[in-house]
Ligand SMILES: [Ca+2]
Ligand SMILES: [Ca+2]
Ligand SMILES: [Ca+2]
């Protein structure tokens, strides 16, 4: 009986509360929204213009609340306070930006330091360290913050010749640190991690054509940071000569002795970016730093770049058959 009595009370209470306000008079022209022209609603038996001017579909029960709620909120300080608190809570739910005061990445502070478009054959091609050589997953782009302050990478895009393949999330890149974006990685495998760099996986495989193509880095505002067209080259990365501060790209092996095929996340000589590439006392000594270990001065000529290279994503697979250990 207690349950039934409670149920009856809950059933009739809303009707009791609502009925007096909505009961039409004898000369009422309407009983619901359906009885009124477009743009009006039924209020106390008469069709009235909508105060908000909208003409959307609103259920009859909700119409009175639309007109009454704002005045109640305005007259009730507690209600206003509650609304403010909700806004704050909502703001707290938004992702916080880790470096809101940092300058945004642009062509003056960010450089495309290394690109692996043609993945070497066999185990030597496992650039992402997942234990598998994959002609798409092991491709990578290495970007370095060449400035002396942290920069905001959020929204920076990496493209091949025609499509955006990766857009940086909210991310801050420290001075002389690198961001390496791999084309992919085996499920469950960990991305490479080490001093002076952070690793990412492309949203969609880069599919940089082996025989020649184009890598484009674009700032969040759409300005160009790098636009690098490469041609036919050995199966190894193309690296700035010299790291960070060079203005031409050469095959990675030309920078090291014994030659190495790529160096995602580090200087070409394998040293961490923050300490190994740049010698403030001797800005041109990066190659010297490399030769300190190898005791060799390699004067080999840079690879010529084929400006007429074909820009075709689809050629990547075809190029696979052409890959050879040319090194
Ligand atoms: Ca791999
Ligand atoms: Ca490729
Ligand atoms: Ca490198």
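In my numbering, the protein residues as written are 20 to 346.
Using N, Cα and C, we set each Cβ at its ideal position, and we do this for glycine too.
Bear in mind that the values here come from a model prediction, so they are computed numbers and not experimental data.
- prompt: Shortest alpha-carbon distance to residue 246 belongs to which of 290, 190 and 232?
  reply: 232
query: Is residue 282 near ligand 3, going by C-beta to nearest heavy atom under 8 Å?
result: yes
message: Here's the rule I'm using: 16 or more other beta-carbon atoms within 10 Å means buried, otherwise exposed. How should residue 243 be labelled?
response: exposed
- request: May I have all residues whose beta carbon comes closer than 6 Å to any heavy atom of ligand 1, sorted in chain order?
  value: 145, 147, 149, 151, 152, 153, 156 and 157
task: Would you kindly check if the distance between the Cβ of residue 239 and the Cβ of residue 347 is under 9 Å?
output: In the structure as shown, the chain begins at 20 and stops at 346. Residue 347 is therefore absent and cannot be evaluated.
task: Could you check the C-alpha separation between residue 152 and residue 277 for me, to the nearest Å?
output: 22 Å
- prompt: Do residue 154 and residue 138 come within 9 Å of each other at the CB atom, strictly closer than that value?
  reply: yes
Contacts around residue 121, its chain only, beta-carbon distance under 8 Å, and the 5 residues preceding and following it disregarded: 168, 169, 170, 171 and 191
message: Quick check on residue 248: does DSSP put it in helix, strand or coil?
response: strand
message: Just verifying my parser: in three-state terms, what is the DSSP assignment at residue 141?
response: helix
Cβ-heavy atom distance, residue 268 to ligand 2, below 8 Å: no
C-beta contact flag for residue 165 and residue 199 at 9 Å: no
- prompt: Expressed to the nearest angstrom, what Euclidean distance is found between the alpha-carbon atoms of residue 274 and residue 260?
  reply: 7 Å
message: Taking the straight line between their C-alpha atoms, what separation do you get for residue 140 and residue 147?
response: 14 Å
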